[in-house]
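Chains as they are written, first to last, in the numbering used here: chain A, 1 to 351; chain B, 352 to 686.
Every residue gets a Cβ at the ideal spot worked out from N, C-alpha and C, and that includes glycine.
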């Protein structure tokens with residue numbers, strides 16, 4: 001089985017599971033998994049640039065913000081419809097990626113990471129300065145929803161005999177929308193990463209000079225990776241604005257999600273795309289799981305006390321777990337599994 | 352010439368409904384006077400705060416220079432120092448001097464613990480190190496949120512009151528912070544260039560393998576640099592706590608400042624850090640006191656152009672500009 005087939009099989013299995021569990025999820029978990037799918041898209045977008053070429057970007061949320069704020073504000077103030085805002089947002093993100101990539105090519109290693117970390121910080125200041133338009137840290141409501149009533153009404157007519165209430169239907173709509181997005185992005189990026197271009201990107205990570213010496217224009221491929229990455233992440237950002245029906249500072253520009261993208265990709269296995277997708281689910285699902293556990297009723301007398309205690313420690317536990325994971329599973333989940341797989345196959349051959 | 356600072360009468364004279372010529376050159380002189388007063392204030396304040404910035408950046412740049420590790424938990428060290436001093440003073444009722452000593456000791460230990468417990472094991476992969484140290488910073492933030500809530504606190508100053516320098520009022524404690532920062536920087540400088548272990552650190556920074564070859568215990572040198580970096584952060588944290596504020600998010604600004612300084616000055620260059628600290632500090636203070644323009648759209652939505660809300664933006668933009676023009680920083684070494 002070639003690497004490409006293996007990755008497509010793994011991607012297919014994940015996508016099928018994510019699609020199949022949808023209808024059986026309780027409402028809260030459905031929202032969580034919906035955002036996990038969006039986050040998986042971000043993580044895969046990060047992976048195609050940073051995981052593959054080894055240029056670690058700390059500020060990919062910047063492209064989410066560019067696209068999200070463009071789409072959201074165009075919709076809020078100029079009343080552009082979704083089919084116009086999303087492509088505009090994505091093209092702005094790509095433009096930002098291209099503009100940034102040309103000078104960024106001169107930077108290597110920690111310098112590149114530092115600059116990328118600074119971009120979202122500067123953007124956050126600008127958003128706060130322009131708070132009268134962007135709503136600052138509180139955000140601004142009133143963006144056209146992705147799943148509009150007209151669409152839902154048509155669906156409701158079709159699904160009325162399934163006894164699904166309208167709120168649930170709305171959730172389904174968003175969930176499967178992001179499911180389609182995740183599947184499409186996953187297929188596209190897995191294909192790209194295992195194609196000739198992907199091999200060149202990986203070669204750049206291993207030894208840039210050697211690639212250059214082979215007569216390949218490194219800069220061209222890096223810029224291409226930048227554009228693809230920005231467009232994928234931007235697409236997620238623009239659509240998330242329409243799902244949230246608001247431009248939220250915390251979802252478009254939080255440094256934490258920028259870091260979590262890296263964490264997701266590292267946990268899943270950098271440069272593997274499918275691993276980044278898994279990592280996205282693990283990070284978002286893990287956060288929710290810890291939050292759930294923190295809310296369990298304890299069979300102890302001082303229930304209230306224990307409850308608030310656990311809730312307060314939830315984030316701490318998450319970061320502690322993350323450290324432990326980084327410590328012990330540094331190469332990532334997918335390479336780990338593939339290593340085990342190869343080992344067993346080797347044993348069989350030898351035996 | 353009389354200097355009536357901010358005298359309303361002078362400004363009335365300068366108003367436009369009277370012919371300017373009737374009052375000779377006086378209003379212009381007064382305006383110049385005001386400009387000088389503001390310029391003086393900007394210079395003095397930026398000289399003072401930049402010393403603290405330099406102190407913050409020093410520990411950060413040393414760890415990178417010697418061990419090639421970007422310690423994203425550096426701001427968190429500072430925060431631990433600040434909260435330790437505050438806790439000792441507020442709850443244990445220690446005096447400020449012993450609180451200060453405790454803060455430095457705790458930060459030194461934290462540096463050693465972080466190096467031996469975590470960084471030593473992940474050092475080989477820069478990405479994992481970055482994420483791990485950042486996760487540490489977030490862990491510390493969470494711990495402080497849990498134990499001390501998110502309320503803003505302020506540490507009592509060493510000396511209260513203020514003094515006049517020429518025409519500028521300066522809080523005395525800030526002058527002490529300035530003096531202490533420079534003392535720490537000079538001591539550090541002397542240590543690195545004069546003391547035996549300081550030279551060992553320099554040698555390791557220059558060539559790790561070479562240092563190992565001549566019998567230097569590189570692990571021990573790393574431990575020492577983390578301890579010193581922690582101690583410097585502890586001192587800086589103590590003064591940050593009485594100068595700015597204490598809250599669980601206070602580690603972010605110093606970290607960004609150290610980034611900016613270290614990148615502008617060149618990663619791993621001590622001299623560059625100090626020069627860059629003064630550049631960044633000056634820019635920040637300049638922005639704080641620069642006049643702002645309120646720009647409004649037809650629908651009465653407005654934003655401030657320049658002024659104090661642009662404090663972070665200006666240094667970040669300078670930082671990006673310098674990175675693109677001279678990626679190795681002003682005093683950086685080319686690798």
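Short of 6 angstroms in beta carbon distance, which residues of its chain neighbour residue 55 of chain A, apart from the five on each side in sequence? Order them along the chain.
112
Quick one: is residue 148 of chain A buried, meaning 16 or more other Cβ sit within 10 Å of its Cβ, or exposed?
exposed
Counting Cβ pairs closer than 8 angstroms, one from the segment 105 to 119 of chain A and one from the segment 603 to 620 of chain B, do we hit at least three?
Touching, yes, given that three or more Cβ pairs across the two stretches are closer than 8 angstroms.
Does chain A have any CB closer than 9 angstroms to the CB of residue 600 of chain B?
no
Let me check understanding here. Comparing Cα to Cα, which of A:52, A:284 and A:13 lies closest to residue 40 of chain A?
A:284
Just to confirm my understanding: we take residue 49 of chain A, look at its own chain, exclude 5 residues before and 5 after, and list those with CB closer than 7 angstroms. What are they?
55, 57, 225, 226 and 229
Does DSSP put residue 507 of chain B in a helix, a strand or coil?
coil
Where the alpha helix (DSSP H) containing residue 492 of chain B begins and where it ends
For residue 492 of chain B, the enclosing alpha helix (DSSP H) begins and ends at 477 to 499.
Is it buried or exposed, residue 652 of chain B, if we count other Cβ atoms within 10 angstroms and call 16 or more buried?
exposed
Those residues which DSSP pairs with residue 515 of chain B across a bridge
Within the DSSP secondary-structure output, residue 515 of chain B pairs in a beta bridge with B:520.
In the DSSP assignment, what are the bridge partners of residue 137 of chain A?
According to DSSP, which records beta bridges pairwise, residue 137 of chain A is partnered with nothing at all.
Look up residue 173 of chain A in the DSSP assignment and say whether it is helix, strand or coil.
In this structure, residue 173 of chain A counts as helix in the three-state DSSP scheme.
Report the three-state DSSP secondary structure of residue 654 of chain B (helix, strand or coil).
strand
Does residue 647 of chain B come out as helix, strand or coil in the three-state DSSP assignment?
Three-state DSSP puts residue 647 of chain B in a strand.
Does the beta carbon of residue 313 of chain A sit closer than 9 angstroms to a beta carbon anywhere in chain B?
By the rule that beta-carbons nearer than 9 angstroms mark a contact, residue 313 of chain A touches chain B.
Give a yes or no on whether the minimum CB-CB distance between residue 291 of chain A and chain B is below 9 angstroms.
no
Are there 16 or more other CB atoms within 10 angstroms of the CB of residue 576 of chain B, so buried, or fewer, so exposed?
Result: buried.
Is it the case that the Cβ atoms of residue 249 of chain A and residue 90 of chain A are separated by a distance below 9 angstroms?
no
Spatial distance of residue 518 of chain B from residue 676 of chain B (CA atoms):
Taking the straight line from one Cα to the other gives about 39 angstroms.
If I'm right that residue 72 of chain A touches residue 232 of chain A with Cβ under 8 angstroms, what's the distance once you round it to whole angstroms?
Contact doesn't hold; Cβ gap of about 18 angstroms is too wide.
I need the DSSP call for residue 424 of chain B, collapsed to helix, strand or coil.
coil
Comparing the C-beta of residue 111 of chain A with each C-beta of chain B, is any distance below 9 angstroms?
yes
Counting only the same chain and skipping the five closest in sequence on each side, list residues whose C-beta sits under 7 angstroms from that of residue 655 of chain B.
643 and 645
Please state the DSSP three-state secondary structure of residue 546 of chain B.
coil
From residue 374 of chain B to residue 401 of chain B, what does the alpha carbon distance come to, in whole angstroms?
With a pLDDT of only 48 at residue 374 of chain B, under 50, the local geometry of the prediction cannot be trusted, and the value read off the model is given with reservation. The straight-line gap from Cα to Cα measures roughly 42 angstroms.
Can you confirm whether residue 667 of chain B, when its beta carbon is compared against all beta carbons of chain A, has any partner nearer than 9 angstroms?
yes
Close beta carbons around residue 487 of chain B, own chain, < 6 angstroms, minus the five adjacent residues each side
424
Compare the C-alpha of residue 177 of chain A against each of A:34, A:77, A:327 and A:330 and name the closest.
The candidate whose alpha carbon is nearest that of residue 177 of chain A is A:34.
heavy atom of the ligand ZN below 8 angstroms from residue 596 of chain B C-beta:
The ligand ZN is absent from the structure shown, which contains no ligands of any kind.
What would DSSP say about residue 595 of chain B, mapped onto helix, strand or coil?
coil
Only counting runs of 3 or more residues, tell me where the beta strand (DSSP E) segments fall wholly within the segment 522 to 584 of chain B, in order along the chain.
none
Mind checking the segment 605 to 630 of chain B against chain A and listing, in chain order, the residues whose C-beta falls within less than 9 angstroms of any C-beta there?
Listed by position, the residues of the segment 605 to 630 of chain B near chain A (Cβ gap below 9 angstroms) are 607, 610, 611, 613, 614 and 618.
Beta carbon of residue 8 of chain A, beta carbon of residue 266 of chain A: below 9 angstroms?
no
Give me the Cα-Cα distance between residue 672 of chain B and residue 445 of chain B, rounded to the nearest whole angstrom.
46 angstroms
Bridge partners - residue 246 of chain A, DSSP secondary structure assignment
A:141
Could you please tell me which residues of the segment 318 to 335 of chain A, in chain order, have their CB closer than 8 angstroms to any CB of chain B?
319, 320, 322, 323, 326, 327 and 330
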